[in-house]
Structures are given as C-alpha cells and as structure tokens.
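Residue numbers (my numbering): 34 to 259. C-beta: ideal position from N, C-alpha, C; glycine also. Just so we're clear, the structure is a prediction, and the values are computed from it rather than from any experiment. Everything below concerns the one structure shown next.
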C-alpha cells in the first residue's frame with residue numbers, strides 16, 4: 034500500500050510532525066489485521082520509515098536512497114515534483130511545483146528523526162545508486178554503520194541514480210533485490226547463531242602434546258652427588 038503524507042497542492046500543509054503522525058496512523062491501522070508489516074521508504078521517506086520501524090511493530094525495513102545526510106533542498110524537491118508528475122499521469126509532463134514552505138520542513142524532519150536508525154531492531158536492506166545526484170552514498174554508509182545488529186545489507190547499484198525505481202538501467206535489479214528481501218531470502222529474521230570458537234582449545238591441546246613429547250629430566254641420586 035502506498036500513501037501520501039502531505040498534500041503537494043496545499044502550501045499550508047508544511048508541518049513535518051503532522052506528516053509523520055499521518056504515516057504512523059496508517060501503520061498503526063494495520064496492527065489489528067494480524068499481518069506482518071513490511072515498510073519501505075524512499076529518500077526523505079526512508080528517514081521517516083526508520084522512525085516508524087522503531088515506534089511500530091515492523092517486520093522488515095527497506096530503504097531506497099535514504100536521505101540521512103545533508104541534501105540540497107532545491108534538488109530533492111525537484112525529484113519529488115517530477116516523481117509526483119509521473120505517478121499522477123501528468124499528460125503535459127508539467128512539473129508540479131512544490132510549495133516553498135515545505136523546504137524548511139524537510140530539513141527539520143531529517144535533523145530530528147535521523148537518529149532513530151540506530152534503534153531499528155528488524156532486518157534492514159538499503160539500496161543506493163553509486164551515481165545518485167541528490168543523496169550521497171555516504172548517507173547509506175552512515176546509516177548502515179549506525180544499525181545495532183548484523184541483520185543488515187547495503188546494496189550499491191552501479192550507475193544507479195536517485196530515482197532507482199524509475200531508472201531504466203537499474204530498476205529491474207532494484208525490484209529483484211526488494212523481492213528477495215521481503216521474501217526473507219536476502220536476510221534472516223533472527224540474529225545468526227555464531228559457532229563456538231574452538232581455536233583456544235586446539236592451541237591448548239597442541240601445547241599439552243608438545244610438552245608430553247619433551248624428554249623428562251631425571252632426578253639426582255646420592256651416588257651422583259658423591
């Protein structure tokens with residue numbers, strides 16, 4: 034299910050906390066359904082999705098080109114408007130103008146919610162294009178290192194741009210990895226159980242055997258002393 038957190042045509046709808054509240058209400062509405070919740074977030078939405086994964090019961094989290102690091106607001110709003118035009122079937126291919134009042138809200142949202150990635154407990158898959166013109170790959174690297182567990186994967190798509198799912202060069206690969214992740218084939222649900230380290234015991238046994246092979250010194254007798 035896809036949902037909108039803000040109204041592109043309402044310049045008064047620029048309260049980032051209200052955007053997050055709307056998103057949380059949608060996720061919470063699924064709690065009573067008994068179905069597992071798989072959450073995906075793109076760009077700035079990845080930051081919001083990370084927050085929701087901490088405060089809601091989410092089974093898996095997918096982040097596409099997440100915007101945890103500094104972003105050029107003019108560029109990212111351009112991406113949002115172009116994506117909206119495509120999704121809304123704008124026949125004239127005219128870009129929907131994003132209200133200037135949204136700019137500060139984007140910055141405040143990321144600044145206040147980016148820390149929550151360090152508290153996500155469910156499996157996380159991040160996909161980022163190495164030619165992203167909006168959000169640096171460093172954003173995903175930073176988030177990857179902040180995750181407190183090993184059930185995480187960062188996939189870099191060669192020559193992939195910011196709008197991964199609309200990028201003809203990498204969209205198919207991106208979708209395939211998304212599918213594998215949500216099917217549980219890319220990452221396990223639980224922490225992997227590590228095998229016991231047998232090296233200390235082997236070294237101790239080796240040391241014992243070497244000691245046993247050494248010639249034993251004979252004790253001195255009274256005749257030897259005389």
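Minimum C-alpha distance to residue i - residue among the options
i           : options           : result
residue 49  : 136, 74, 93, 58   : 136
residue 144 : 248, 76, 102, 157 : 102
residue 152 : 215, 91, 217      : 91
residue 51  : 243, 95, 138      : 138
Test item: CB-CB of residue i and residue j under 7 Å
i           : j           : result
residue 189 : residue 203 : no
residue 156 : residue 220 : yes
residue 230 : residue 195 : no
residue 80  : residue 146 : yes
residue 207 : residue 160 : yes
residue 72  : residue 82  : yes
Reduced DSSP category for residue i - H, G, I as helix; E, B as strand; rest coil
i           : result
residue 207 : helix
residue 164 : coil
residue 196 : coil
residue 153 : coil
residue 70  : coil
residue 51  : helix
residue 12  : No answer is possible for residue 12: it lies beyond the span of the chain, which begins at 34 and ends at 259.
residue 88  : helix
residue 120 : Low local confidence applies: a pLDDT of 40 at residue 120 is under 50, so the model's placement there is unreliable, and no value is given.
residue 136 : helix
residue 221 : coil
residue 101 : coil
residue 79  : helix
residue 191 : coil
Beta carbon proximity, residue i to chain B, threshold 7 Å
i           : result
residue 173 : Looking for chain B here will not work: only one protein chain is present.
Per DSSP, cross-strand counterpart(s) of residue i
i           : result
residue 96  : 74, 159
residue 186 : 158
Legend entry - the region 89-103 / the region 174-183 touching (three or more Cβ pairs under 8 Å): yes
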